[in-house]
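Visitor: Next up is a structure, given as structure tokens.
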Amino acid sequence: MAADVPAPDAVPMPDAPPGPATDTAHQDVTSAARATGDTAGRRPVTRTLIAVGVVIMLAGVLFGYDQGVISGALDGIKKDFNVSTFLLEVITSWVTLGAMGGALVAGALADRLGRRLTILLASLLFTAGALIEALAPGAWVLVIGRLVVGFGVGVASVAAPLYAAEMAPARLRGRFVSLYQLAITIGIFVAYLVDYVLSHSSSWRAMLGVSAVPAILLVFAMWPLSDSPRWYVKAGRRAEAEQALRRVQGTEDVDADVDVIQASIDEDARSGATWGTVFAAQWRRPLLIGVMLAVLQQLTGINAIIYYANQIFAAAGFTSPDSQSLATLWAVGAVNVVATFVAVAWVDRFGRKPLLFIGTTGMGLSLVVVGAMFLKLSKVTPGSTAVGATTGEGLITLVALVVFIASFAFSLGPIVWTIINEIFPSHVRGKAVAVATAANWFAAWLVAQFFLTLVDVITTTGVFWVFAAFCGVTFWFVRRYVPETKGKSLEQIQSMWGDPAALAAAMAAE
Ligand code: BGC
Numbered sequence: 215m216a217a218d219v220p221a222p223d224a225v226p227m228p229d230a231p232p233g234p235a236t237d238t239a240h241q242d243v244t245s246a247a248r249a250t251g252d253t254a255g256r257r258p259v260t261r262t263l264i265a266v267g268v269v270i271m272l273a274g275v276l277f278g279y280d281q282g283v284i285s286g287a288l289d290g291i292k293k294d295f296n297v298s299t300f301l302l303e304v305i306t307s308w309v310t311l312g313a314m315g316g317a318l319v320a321g322a323l324a325d326r327l328g329r330r331l332t333i334l335l336a337s338l339l340f341t342a343g344a345l346i347e348a349l350a351p352g353a354w355v356l357v358i359g360r361l362v363v364g365f366g367v368g369v370a371s372v373a374a375p376l377y378a379a380e381m382a383p384a385r386l387r388g389r390f391v392s393l394y395q396l397a398i399t400i401g402i403f404v405a406y407l408v409d410y411v412l413s414h415s416s417s418w419r420a421m422l423g424v425s426a427v428p429a430i431l432l433v434f435a436m437w438p439l440s441d442s443p444r445w446y447v448k449a450g451r452r453a454e455a456e457q458a459l460r461r462v463q464g465t466e467d468v469d470a471d472v473d474v475i476q477a478s479i480d481e482d483a484r485s486g487a488t489w490g491t492v493f494a495a496q497w498r499r500p501l502l503i504g505v506m507l508a509v510l511q512q513l514t515g516i517n518a519i520i521y522y523a524n525q526i527f528a529a530a531g532f533t534s535p536d537s538q539s540l541a542t543l544w545a546v547g548a549v550n551v552v553a554t555f556v557a558v559a560w561v562d563r564f565g566r567k568p569l570l571f572i573g574t575t576g577m578g579l580s581l582v583v584v585g586a587m588f589l590k591l592s593k594v595t596p597g598s599t600a601v602g603a604t605t606g607e608g609l610i611t612l613v614a615l616v617v618f619i620a621s622f623a624f625s626l627g628p629i630v631w632t633i634i635n636e637i638f639p640s641h642v643r644g645k646a647v648a649v650a651t652a653a654n655w656f657a658a659w660l661v662a663q664f665f666l667t668l669v670d671v672i673t674t675t676g677v678f679w680v681f682a683a684f685c686g687v688t689f690w691f692v693r694r695y696v697p698e699t700k701g702k703s704l705e706q707i708q709s710m711w712g713d714p715a716a717l718a719a720a721m722a723a724e
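Under my numbering, the first residue of the sequence shown carries the number 215, and numbering increases by one thereafter.
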């Protein structure tokens, strides 16, 4: 519907206030920003742009849903298939392994097929994977379904933000990035809600199958839209680029904008970034920061809790599946969404580093408390219902997990993605972001794959204290290596890596 209606339905919108996720995105007038065609100051928000917002939201919700849903499904799967702990971990974690593969090939796919077709392909993969999961006759078919869904998640996790960034005018780009992170947390919340509603029947097939719904909605949302102007120009299809720009901007005269896009593509082609450039000594520091933050975001344990929340609450004395799902829904799901709003509001006012320091401190302390409580509580295992009534330790665990989730959601959750997307120079950004994203998925896989096994080997307390120790490592790493990027344009950040004085000043700014 939206795509063919340019100006008439356009509503004027004042320039957005400093972007929620990153104000530097708004100041970015380098190739990528100009490539969005936002060379004029004030532009209306067209229906096409709103439709692009819907696409990015649906992609985020899907991502989150597939992350969150497994928590409520595990017990039913264990009962039906009578699987080992290892196989349960495989069922949980291979979605991230698929996502790692998807993230790695997404860039090449999006360049070859276009952003639009790539997102459509990802939606079809989701749908197929969801159906395989829902109908799986045995555990290994379920694993294949998880891999297929994961691959779709990985492709979409690169292609959807890329598409949105190329469609949005520069002044709205930060908004679109944070919209995506918010949508991920909403997706996790919706998954928990579905888990809760279905927890009585322990219908894990329906829980997993429901993710086909947003996937099909994504196909409908994407179908009428065109590809990004930047992709058309790159493919030598200037007329289509002009038409796409007219629709997205709601203006007729787009010639100059297409020229700007062409110039920026030529510029990037001249600098000829290869995989070697990404690993060049010059960019070692931002690459180290991007990859380390991506990995530490996972090694501090967020997804152990997102995935195994019900099992943790069962061990903490929440005996009925109902009470476990409720604790997961509100203490993890809702708190995650609300605290993400805080980051959206504060990241540009307080800066990245202060929020990271406060967040990792809150995460670390709450994990120490959770670990201490598990000295008394029974260990976290799948299918462990009826451990006894909720005790004082159980309630303290609940409160500590709320503090942990909130601390993550206003710090490491969104800010890691903000930093990853702003520290690389434009000509290596695509590849470098893919490397960091794949590292993030790999670390997510490690945690999901070995959490329960590690509980067996070093006890639940031991595992939570290891996560706490990684919070300490993150605090140290941020202090030692990460410069403050708040309020800096992408050019300033880029030149900082070769300018020791500017880097030292940014390191000192806390
Ligand atoms: C992380 C995900 C995590 C989510 C939770 C994201 O920033 O990358 O792994 O599941 O936050 O909200």
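Don't be surprised by glycine CBs; every beta carbon is placed ideally from N, CA and C.
Fair warning: this is a prediction, and the values are worked out from it, not measured in the lab.
Quick one: what does DSSP say residue 468 is sitting in, helix, strand or coil?
Guide: As a position in the sequence shown, residue 468 is number 254, starting the count at 1. Correct three-state label for residue 468: coil.
Visitor: Using a threshold of 8 Å, is the CB atom of residue 194 nearer than that to any non-hydrogen atom of the ligand BGC?
Guide: Since the displayed the chain opens at 215 and closes at 724, residue 194 lies outside it and no answer follows.
Visitor: Quick check: the Cα distance between residue 624 and residue 548, rounded to an integer number of angstroms?
Guide: Residue mapping note: residue 624 aligns to position 410 of the sequence shown, counting from 1. Residue mapping note: residue 548 aligns to position 334 of the sequence shown, counting from 1. The straight-line gap from Cα to Cα measures roughly 13 Å.
Visitor: Flag residue 375 as yes when its Cβ comes closer than 8 Å to any non-hydrogen atom of the ligand BGC, and as no otherwise.
Guide: The residue you call residue 375 lines up with position 161 of the sequence shown. No, the beta carbon of residue 375 sits no closer than 8 Å to any heavy atom of the ligand BGC.
Visitor: Out of 714, 263, 669, point me to the one whose CA is closest to residue 732's CA.
Guide: What the structure shows of the chain is the stretch from 215 to 724, and residue 732 is not part of that stretch, so it cannot be assessed.
Visitor: Excluding five sequence neighbours on each side, which residues of the same chain lie with their C-beta closer than 8 Å to the C-beta of residue 664?
Guide: Walking along the sequence shown from the start, residue 664 turns up at place 450. Here the set comprises 303.
Visitor: Please check the pair residue 620 and residue 553, which I expect to be a contact at CB under 8 Å, by giving their CB distance rounded to whole angstroms.
Guide: The residue labelled residue 620 in the question sits at position 406 within the sequence shown. The residue labelled residue 553 in the question sits at position 339 within the sequence shown. With 8 Å as the limit, residue 620 and residue 553 qualify as a contact, their Cβ atoms being about 4 Å apart.
Visitor: Can you have a look at residue 684 and say buried or exposed, based on whether 16 or more other CB atoms are within 10 angstroms of its CB?
Guide: Residue 684 sits at position 470 when you count from the first residue of the sequence shown. Buried.
Visitor: Give the straight-line distance between the Cα atoms of residue 469 and residue 338, rounded to the nearest whole angstrom.
Guide: As a first step, residue 469 must be located in the sequence shown, where it is residue number 255. As a first step, residue 338 must be located in the sequence shown, where it is residue number 124. Their backbone Cα atoms lie some 35 Å apart in a straight line.
Visitor: With DSSP collapsed to three states, give me the class of residue 680.
Guide: Working through the sequence shown from its first residue, we reach residue 680 at position 466. Reduced to three states, the DSSP call for residue 680 is helix.
Visitor: Looking only at its chain, what residues have a beta carbon closer than 7 Å to the beta carbon of residue 447, apart from the 5 residues adjacent to it on each side?
Guide: As a first step, residue 447 is located in the sequence shown; it is residue number 233 there, counting from the start. 455, 472, 475, 476, 479, listed in sequence order.
Visitor: Taking the beta carbon of residue 296 as the centre, do at least 16 other beta carbons fall within 10 Å, making it buried, or is it exposed?
Guide: Taking the sequence shown and counting its residues from 1, one reaches residue 296 at position 82. Exposed: under 16 other Cβ atoms inside 10 Å.
Visitor: Using three-state DSSP, classify residue 268 as helix, strand or coil.
Guide: Locating residue 268 in the sequence shown gives position 54, where the first residue counts as 1. Here residue 268 sits in helix by DSSP.
Visitor: Mind checking whether residue 208 and residue 594 have CB atoms under 9 Å apart?
Guide: Here the chain has residues from 215 to 724 only, and residue 208 is not among them.
Visitor: What first and last residue would you give for the alpha helix (DSSP H) that runs through residue 731?
Guide: A query on residue 731 cannot be resolved here, the shown segment of the chain reaching from 215 to 724 and no further.
Visitor: Might you give, ordered along the chain, the residues of its own chain that have their beta carbon closer than 6 Å to the beta carbon of residue 397, omitting 5 neighbours on each side?
Guide: Walking along the sequence shown from the start, residue 397 turns up at place 183. Same-chain partners within the cutoff: 271, 274, 275.
Visitor: Does any heavy atom of the ligand BGC sit closer than 8 Å to the C-beta of residue 554?
Guide: Position 340 of the sequence shown holds residue 554. Answer for residue 554: yes, Cβ within range of the ligand BGC.
Visitor: How would you write the range of the alpha helix (DSSP H) that residue 380 sits in, first residue to last?
Guide: Against the sequence shown, residue 380 aligns to sequence position 166. Its alpha helix (DSSP H) spans residues 353 to 381.
Visitor: Can you tell me whether residue 517 sits near the ligand BGC, meaning its C-beta is under 8 Å from at least one heavy atom of the ligand?
Guide: As a first step, residue 517 is located in the sequence shown; it is residue number 303 there, counting from the start. Checking the Cβ of residue 517 against the ligand BGC gives yes.
Visitor: Count the other C-beta atoms from every protein chain shown that fall within 10 angstroms of the C-beta of residue 466, then say buried if there are 16 or more, exposed otherwise.
Guide: Reading the sequence shown from its first residue, position 252 is the one you call residue 466. Under this definition residue 466 is an exposed residue.
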